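Enquirer:
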Amino acid sequence: MTRATRRRIANLVARALVLALAAAAVIPLLMVLVYVIRQGLPTLLDLNFFTNIERPVGIPGGGEAQAIAGTLLIVGMASLAAIPVGVLGGIFLAESEGRVADQVRLAADVMVAAPSIAVGLFAYAAIVASTKSFTALSGSVALALLMLPIIARITEGSLRLVPHSLRESGVALGLPRWRVSLQLVLPAALPGVITGAFLAVARAAGETAPLLFTAFGNQRLTLNPLQPMDSLTLVVFRNALTPYPQLQNEAWAAALLLVIIVLVANLSTRFALRRQARLAARLA
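Numbering-wise, the sequence shown is residues 14 to 297 according to our numbering.
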């Protein structure tokens, strides 16, 4: 057997091994996705799921409008709080060097890996226990704490990908450093910043544990952030454990809607990354 033949065989074996490992990772995911679609799609296609609130067992026409509105409101408030602070924190990490920046970077890395239930307990002790009330606002605070380090670290990475020549050009024109960062570097890294925001929103939308300790859930439609509020994740947690098929179907539909939200966020992230790659190639 010649050396070229051995290399071809080794190449075929390596490709087969890679394909087998990829299939081992993708097939279970596809099985879960197909099962969720099969269980939740009939209820999700029912307009009542989006327009009606949850009804008692035995009364037809129930939906999860209160959970959909609650998810949008809680995640929206968390995004309004976390995205600006996270972007500014990412700019600080990208443009600063020294012990303070290293400590902030380490804290962000620890927060990214922190269990969400621990963040929920912190929000419960800091807000719910002191105010003696479950509120959507406390849930937003908990989700914002989860989103903040993700946005900061991805923003930092995106800013560091911008060619240094762009910074030098701004400084050569006499611009102060803060204007160079905000008016030149940040727009060039904007697709990556948007990527971080989408990823953080996707994670926040799928969290359950922090909301169990803060928003608590509410089967009535309310838009008051100072009251308990329902969410899609709480619907899945609550209704999936019941013995009633009606509520179980609503839980499957809520799970499928969450999957769609996360899928849209990830597709948007990939689109933003491609734009950033093309922009970086032009600036290089």
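Where is the CB? At the ideal position from N, CA and C, for every residue including glycine. Note that the coordinates shown come from a computational prediction; the quantities given were computed from them, not determined experimentally.
Rounding to the nearest angstrom, what Cα-Cα distance links Val-275 and Ala-37 in this structure?
Expert: Cα to Cα, Val-275 sits roughly 22 Å from Ala-37.
Enquirer: Excluding the five sequence neighbours on either side, which residues of its own chain have a C-beta within less than 8 Å of the C-beta of Leu-254, listed in chain order?
Expert: Excluding sequence neighbours, Leu-254 sits near nothing in its chain.
Enquirer: With DSSP as the reference, identify every bridge partner of Phe-229, one or two as the case may be.
Expert: Phe-229 is bridged to Met-242.
Enquirer: For Val-184, name the three-state secondary structure that DSSP assigns.
Expert: The answer is helix: DSSP assigns Val-184 an H, G or I state.
Enquirer: Of all Cβ atoms in chain C, is any one closer than 9 Å to the Cβ of Pro-258?
Expert: Going by chain labels, chain C is absent from the structure shown, which holds only one protein chain.
Enquirer: Report the three-state DSSP secondary structure of Phe-105 (helix, strand or coil).
Expert: Three-state DSSP puts Phe-105 in a helix.
Enquirer: Are the segment 102-116 and the segment 231-244 touching by the rule of at least three beta carbon pairs closer than 8 Å?
Expert: Verdict: no, contact absent.
Enquirer: I'd like the span of the alpha helix (DSSP H) that includes Gly-133, first residue to last.
Expert: From DSSP, the alpha helix (DSSP H) with Gly-133 extends over 129-136.
Enquirer: Which whole-angstrom value describes the C-beta separation of Ile-96 and Ile-164, a residue pair presumed to lie in contact below a C-beta threshold of 8 Å?
Expert: Correct: roughly 6 Å between the Cβ atoms.
Enquirer: Tell me which residues share the same chain as Asp-243 and place their Cβ nearer than 6 Å to its Cβ, disregarding the 5 neighbours each side in the sequence.
Expert: So the list reads Gln-79, Ala-80, Gly-83, Gly-230, Asn-231, once near-sequence residues are dropped.
Enquirer: Could you round the C-beta distance between Val-141 and Ser-151 to whole angstroms and report it? I think they count as a contact, below 8 Å.
Expert: Between Ser-151 and Val-141 the Cβ distance is about 5 Å, and since that is below 8 Å, they are a contact.
Enquirer: So the candidates are Gly-170, Leu-174, Gly-205; which of them puts its Cα closest to the Cα of Ala-121?
Expert: Closest by alpha carbon: Gly-170.
Enquirer: Go through its chain and collect everything with a Cβ distance to Tyr-257's Cβ below 7 Å, but skip five positions before and after it.
Expert: Cβ neighbours of Tyr-257 beyond the five flanking positions: Val-70.
Enquirer: Measuring CB to CB, does Phe-226 end up less than 9 Å from Gly-133?
Expert: Contact: yes.
Enquirer: Should Met-44 be labelled buried (16 or more other beta-carbon atoms within 10 Å of its own) or exposed?
Expert: So Met-44 ends up on the exposed side.
Enquirer: What first and last residue would you give for the alpha helix (DSSP H) that runs through Ile-164?
Expert: Here the alpha helix (DSSP H) through Ile-164 covers 149-174.
Enquirer: Rounding to the nearest angstrom, what Cα-Cα distance links Gly-205 and Trp-191 in this structure?
Expert: Going from the Cα of Gly-205 to the Cα of Trp-191 covers about 19 Å.
Enquirer: Go through its chain and collect everything with a Cβ distance to Ala-217's Cβ below 7 Å, but skip five positions before and after it.
Expert: Only Val-88, Ala-91, Leu-156, Leu-159, Met-160 meet the Cβ criterion.
Enquirer: Tell me the rounded alpha-carbon separation between Phe-62 and Glu-263.
Expert: Near 8 Å, if we compare the C-alpha coordinates of Glu-263 and Phe-62.
Enquirer: Please confirm whether Phe-147 and Ala-228 have their CB atoms less than 9 Å apart.
Expert: Contact flag set, yes.
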